[in-house]
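Everything on this sheet refers to the single structure shown next.
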Amino acid sequence: DTGVSQDPRHKITKRGQNVTFRCDPISEHNRLYWYRQTLGQGPEFLTYFQNEAQLEKSRLLSDRFSAERPKGSFSTLEIQRTEQGDSAMYLCASSKAGQQETQYFGPGTRLLVL
Amino acid sequence: AQSVTQLGSHVSVSEGALVLLRCNYSSSVPPYLFWYVQYPNQGLQLLLKYTSAATLVKGINGFEAEFKKSETSFHLTKPSAHMSDAAEYFCAVTGGGNKLTFGTGTQLKVEL
Chain A
642 DTGVSQDPRH KITKRGQNVT FRCDPISEHN RLYWYRQTLG QGPEFLTYFQ
692 NEAQLEKSRL LSDRFSAERP KGSFSTLEIQ RTEQGDSAMY LCASSKAGQQ
742 ETQYFGPGTR LLVL
Chain B
4 AQSVTQLGSH VSVSEGALVL LRCNYSSSVP PYLFWYVQYP NQGLQLLLKY
54 TSAATLVKGI NGFEAEFKKS ETSFHLTKPS AHMSDAAEYF CAVTGGGNKL
104 TFGTGTQLKV EL
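Chains as they are written, first to last, in the numbering used here: chain A, 642 to 755; chain B, 4 to 115.
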C-alpha cells in the first residue's frame, strides 16, 4: 500500500495569511484524521471524517480552522488569518473499516507562522 | 474519557542494554493501546498495538509490550538497544476506535 501523503511538507507564512494543507489517505481507508503536534508534546486530535462526513471536531479547532473531505478521498485543512500560536506540525492519519482503531500517519506538514 | 501518562520524558541506555519505556493509561471503556515511534521531522510509525487479543504484543524492530489491566500499564521493551532506536516514542489510547489520545512522549537516547 502507498502510505498516507501530505502536502506541503513545510510551510512558512506571515501572520494573518491563509494556508491550506492537503492529505491523501491510504487507498480505501474510509476514515481520515487530523492532529496537531507542538514542540515537545504528543499529537492532539483536531477532527476526523468517515468518508465525506465530518463526525467529530475538537475544541482546539477554532472558527479559523476548517477541514473538508468532499469526495471521501483526500482532505484539506485550511487555517485562516494565521497566528503565531498556529505554528506546529499538522499530522494526518487514516484507518480502514474493520480496523478503525489502527491509524496510520503521514509525514506531517510543519507550519511556521512569522 | 481516556488519558495516557508516560513516565520519563528522556531515557538514556547503552547500546545492547535493555530498553524500558513506561506507559500508564486511564480509560472508561476497554482500551486499544498503541506505541508509535517518531524520528526527527517525520510522522509517526506504528510499532505495535493491543486490541484485546494476546496481552503480550510483539511489534516491529524487536519491540514488545505487555498489557497489564491490574496495573493499567502498557510498557514498551526491547532486549537489546541499537543506535537506530534513538527516537521519540509515544504511547496512545483509544476507547472506541475514534480519536487517539497520546502521552507527552519519551525521547530515547542510545549511547555507545
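Using N, Cα and C, we set each Cβ at its ideal position, and we do this for glycine too. This one's a predicted model, so the numbers in the text were calculated from it and none came from an experiment.
Cα-Cα, which of the options is closest to residue i?
i: arginine 710 (chain A); options: A:Phe662, A:Pro748, A:Asp727; result: A:Phe662
Suppose the cutoff is 6 angstroms on Cβ atoms and the five residues either side in sequence are ignored; what does the same chain contact list for residue i look like?
i: serine 76 (chain B); result: Asn27
i: glutamate 697 (chain A); result: Tyr689
i: glycine 713 (chain A); result: Asn692, Glu693
Around the C-beta of residue i, are 16 or more other C-beta atoms found within 10 angstroms, so that it is buried, or is it exposed?
i: histidine 651 (chain A); result: exposed
i: tyrosine 42 (chain B); result: exposed
i: glutamine 658 (chain A); result: exposed
Just to confirm my understanding: we take residue i, look at its own chain, exclude 5 residues before and 5 after, and list those with CB closer than 7 angstroms. What are they?
i: serine 646 (chain A); result: Asp665, Gly747
i: leucine 115 (chain B); result: Glu18
i: histidine 78 (chain B); result: Leu23, Leu24, Arg25, Cys26, Ala68, Glu69
Which residues bound the beta strand (DSSP E) around residue i?
i: histidine 85 (chain B); result: Careful: histidine 85 (chain B) lies outside any beta strand (DSSP E) and carries neither H nor E.
i: histidine 651 (chain A); result: 651-654
i: lysine 72 (chain B); result: Where lysine 72 (chain B) is concerned, there is no enclosing beta strand (DSSP E), given that its DSSP letter is neither H nor E.
i: isoleucine 720 (chain A); result: 716-720
i: lysine 102 (chain B); result: First-last for lysine 102 (chain B): undefined, no H or E at that position.
i: asparagine 27 (chain B); result: 27-30
i: threonine 750 (chain A); result: 750-754
i: histidine 670 (chain A); result: Element bounds for histidine 670 (chain A): n/a, residue is neither H nor E.
Closer than 8 angstroms by C-beta to residue i: which residues in its own chain qualify, once you throw out the five before and the five after it? Chain order, please.
i: valine 16 (chain B); result: Val22, Ala84, Leu111, Lys112, Val113, Glu114
Along chain A, which residues have their Cβ under 9 angstroms away from the Cβ of residue i?
i: threonine 75 (chain B); result: Chain A residues near threonine 75 (chain B): none, gap ~18 angstroms exceeds 9 angstroms.
Going along chain A in order, which residues have a C-beta closer than 7 angstroms to the C-beta of residue i?
i: threonine 54 (chain B); result: Glu742
i: tyrosine 35 (chain B); result: Glu742
i: phenylalanine 93 (chain B); result: Gly683
Name the chain B residues that come within less than 8 angstroms of residue i, Cβ to Cβ?
i: leucine 732 (chain A); result: Gly46, Leu47
i: phenylalanine 662 (chain A); result: Result: empty, since nearest Cβ-Cβ is about 13 angstroms, beyond 8 angstroms.
So which residues of chain A does residue i contact, with C-beta pairs closer than 8 angstroms?
i: glycine 62 (chain B); result: Those within 8 angstroms of glycine 62 (chain B) in chain A number zero; the least Cβ separation is about 12 angstroms.
i: asparagine 27 (chain B); result: What asparagine 27 (chain B) touches in chain A: nothing, since even the nearest Cβ is about 14 angstroms away.
What residues of chain B sit near residue i, judged by a beta carbon separation below 7 angstroms?
i: glutamine 682 (chain A); result: Thr107
Please compile the residues from chain B whose C-beta is within a distance smaller than 9 angstroms of the C-beta of residue i.
i: proline 649 (chain A); result: Neighbours of proline 649 (chain A) on chain B: none; closest Cβ ~13 angstroms, over 9 angstroms.
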